[in-house]
Amino acid sequence: MPTPEHHTAIIIGGGPAGLPLAVVLGGWQPHYKETQLFRDRYTQIHEFLNSVEGSLLGVDFRSLVHAGISPADLFRLLHHPSRKFHSLDEIGMSFRKGKTLDVLLITQEEVGGLWNNVPENMPTLSPGRMMEFAFYPLARHAQEKDLSLDVNDLIIKRNLVDYYHTVPERFEIQDRIHTGERVNRVEPHDLGFLISSQDVVTETKHSYTCKYLIYAVGQRCILRSLGVPGEDLPFITNHYDNSLDFPGERVLVVGGGRSADWAAIELHDAGKEVHYVMRQSPEHHWRLISDSRHGLPYYARIADIIESGSSRFITHYNTKVSKFDDLDGGGLVTYMRDRQEDRIEVDHVLLLIGGIADYSLFKGFPDLPLLEKFDNYRFQVHQLPVHPHSYESTTIPNL
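Letter by letter, the sequence shown follows residues 95 to 493 in this note's numbering.
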């Protein structure tokens, strides 16, 4: 067996968590930059940081945590000292090229993570500036690319992904990134971790070792399934980009979250007859709509469609699909509600039911305890217990 390729640190996952770490570990380190805004608002933190020599990565984060400030909160305050972006000068950090760590990033898709897979024109939940990396503000990206972007507004997927895709070359780390490579197994090794992977297309196998492992995967490692007969038929897909990809008249959307809501709206507004199947109650869905309709334009739109009683937008609450059958040019969907079975012929089915992170590839380690977490946006992201000053696993050292 060939000797595994060794790196000091390996990052698994190239989304908004993994990608910026590759840049920072690749040498672009944060340094405190005194600004009047930060000094006036956070005087004690300013005085502490002003005494730090060199990179902020050398800060005593354990002491900061004891003082009630987490590392994430510190860097967030430096990056966003006010509620709105006004100028690049107000950011309390500068990034300088320093010592480079031997780091490799492995991702099964292009950098940008799950944002590569959301609808093309779907906006973010937060303003664009909250989706940027501190070392490369969106305002600077817009200047360099001669783009018209208001970073205080929501940003659509297409523009956000273009920004993420620019980062590797812009910061000269493209040689440290392997795209289209899926990690299948992580095991203990004398050098730390042994990682087994293979190319998504060619299935060529690779193996690596590393001392430090950053597990930065998102919620699409394992796509959820309904577990019903016929789920793999050709008229069914779990990806939606835009309405032009779905010819025909009738589309059934299974979901209930934001991506499914967006797809259902866009297909309806493109003239399709949309059947929207959800397990949740109308009260649960309308709570999300009501909470979002004044801040997210597409929730004002879905409210208008439903309240107007559009004949081309049929909601099926408290409903579960029980099977799919193939028909010439489309399919037949069987679903259940209140123990009553019904069927509908459709041209396409969209399964937009999300996914989960995959911890099953860790073999030979102590069991990883997972803490359930639910936030206001219904992202069901299980958390690993970590040391608050370093975000290192409390179970597996150097993870």
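From the three backbone atoms N, C-alpha and C, an ideal C-beta is built for every residue, glycine too.
Item to check | Gln138 (DSSP reduced to helix, strand or coil) | outcome: helix
Checklist entry - Does the distance from the CB of Ile267 to the CB of Thr218 come in under 7 Å? => result no
Next on the checklist: With distance defined between alpha-carbon atoms, name the residue in Glu297, Arg170, Gly108, His283 nearest to Gly206.
Outcome noted: Gly108
Next on the checklist: Give me the DSSP bridge partner(s) of Phe456.
Outcome noted: Val280
Checklist entry - Starting from Thr218 and walking both ways along the beta strand (DSSP E), at which residues does that stretch end? => result 217–221
Item to check | CB contact flag (Lys305, Gly286, <7 Å) | outcome: yes
Next on the checklist: Going residue by residue through the stretch 124–197, where are the continuous alpha helix (DSSP H) segments of at least 4 residues, counting only ones entirely within it?
Outcome noted: 130–135, 137–144, 155–160, 165–173
Next on the checklist: For a minimum of 3 consecutive residues, which ranges assigned as the beta strand (DSSP E) are wholly contained in the stretch 324–348?
Outcome noted: none
Next on the checklist: Please report the straight-line C-alpha distance between Glu226 and Leu232, rounded to a whole angstrom.
Outcome noted: 6 Å
Item to check | Any beta strand (DSSP E) of 3 or more consecutive residues that is wholly inside the stretch 352–417 | outcome: 367–372, 407–410
Item to check | Leu198 versus Gln237 - alpha carbon distance | outcome: 29 Å
Checklist entry - To which residues does DSSP link Trp122 through a beta bridge? => result Lys191
Item to check | Continuous alpha helix (DSSP H) stretch holding His481: start and end | outcome: Element bounds for His481: n/a, residue is neither H nor E.
Item to check | Supposed close pair Lys366, Val345 - CB separation, criterion 8 Å | outcome: 5 Å
Item to check | Whole runs of the alpha helix (DSSP H) within the stretch 239–288, excluding any shorter than 4 residues | outcome: 251–264
Checklist entry - In the DSSP assignment, what residue or residues form a beta bridge with Ser301? => result Ser290
Next on the checklist: Rounded to the nearest angstrom, what separates Asn144 and Gly186 at their Cα positions?
Outcome noted: 11 Å
Checklist entry - Pairing CB atoms from the stretch 265–283 with CB atoms from the stretch 435–449, are three or more of them under 8 Å? => result no
Next on the checklist: Could you check whether the stretch 115–135 touches the stretch 165–175, counting it as contact only if at least three pairs of C-beta atoms, one from each stretch, sit closer than 8 Å?
Outcome noted: yes
Item to check | Separation of Ser164 from Gly152, as counted between CA atoms | outcome: 15 Å
Next on the checklist: Just to confirm before moving on: does the CB-CB distance between Gly350 and Gln374 stay below 7 Å?
Outcome noted: yes
Item to check | Status (buried if at least 16 other CB within 10 Å, exposed otherwise) for His410 | outcome: buried
Checklist entry - Helix, strand or coil: which one does DSSP assign to Gly112? => result helix
Next on the checklist: Residues in the same chain with beta-carbon distance under 7 Å from Arg190, minus the five sequence neighbours each way, listed in chain order, please.
Outcome noted: Gln123, His125
Checklist entry - Applying the criterion that 16 or more other CB atoms from any shown protein chain within 10 Å of the CB defines a buried residue, is Pro341 buried or exposed? => result exposed
Checklist entry - Taking Ser220 as the reference, which of Ser301, Pro391, Leu426, Val440 has the closest Cα? => result Pro391
Checklist entry - What does a CB cutoff of less than 8 Å around Asn492 pick up in its chain, not counting 5 residues either side in sequence? => result Gly286, Phe287, Lys305, Tyr306, Leu307, Glu486
Item to check | Residues bridged to Phe227 [DSSP beta-bridge criterion] | outcome: Tyr230
Item to check | Nearest-angstrom beta carbon gap, Val322 and Ser405 [assumed within contact, 8 Å] | outcome: With a Cβ gap of about 28 Å, Ser405 and Val322 do not count as contacting.
Next on the checklist: Please state whether the Cβ-Cβ distance between Val368 and Thr413 is less than 7 Å.
Outcome noted: no
Next on the checklist: Could you tell me the alpha carbon to alpha carbon distance between Glu435 and Tyr429, rounded to whole angstroms?
Outcome noted: 6 Å
Next on the checklist: Measuring straight from C-alpha to C-alpha, what distance separates Val146 and Ile139?
Outcome noted: 11 Å
Checklist entry - If you count every other CB in all the chains shown that lies within 10 Å of the CB of Lys193, and 16 or more means buried, which is it? => result exposed
Checklist entry - How close, in whole Å, do the beta carbons of Ala364 and Tyr334 come, if the pair is a contact with beta carbons under 8 Å? => result Contact doesn't hold; Cβ gap of about 12 Å is too wide.
Checklist entry - Opposite Ile490 in the DSSP bridges: which residues? => result For Ile490, which the question treats as bridged, DSSP gives no partner whatsoever.
Checklist entry - Per DSSP, Val117 is paired with what? => result Looking at the DSSP assignment, Val117 forms no beta bridge with any residue, so it has no partner.
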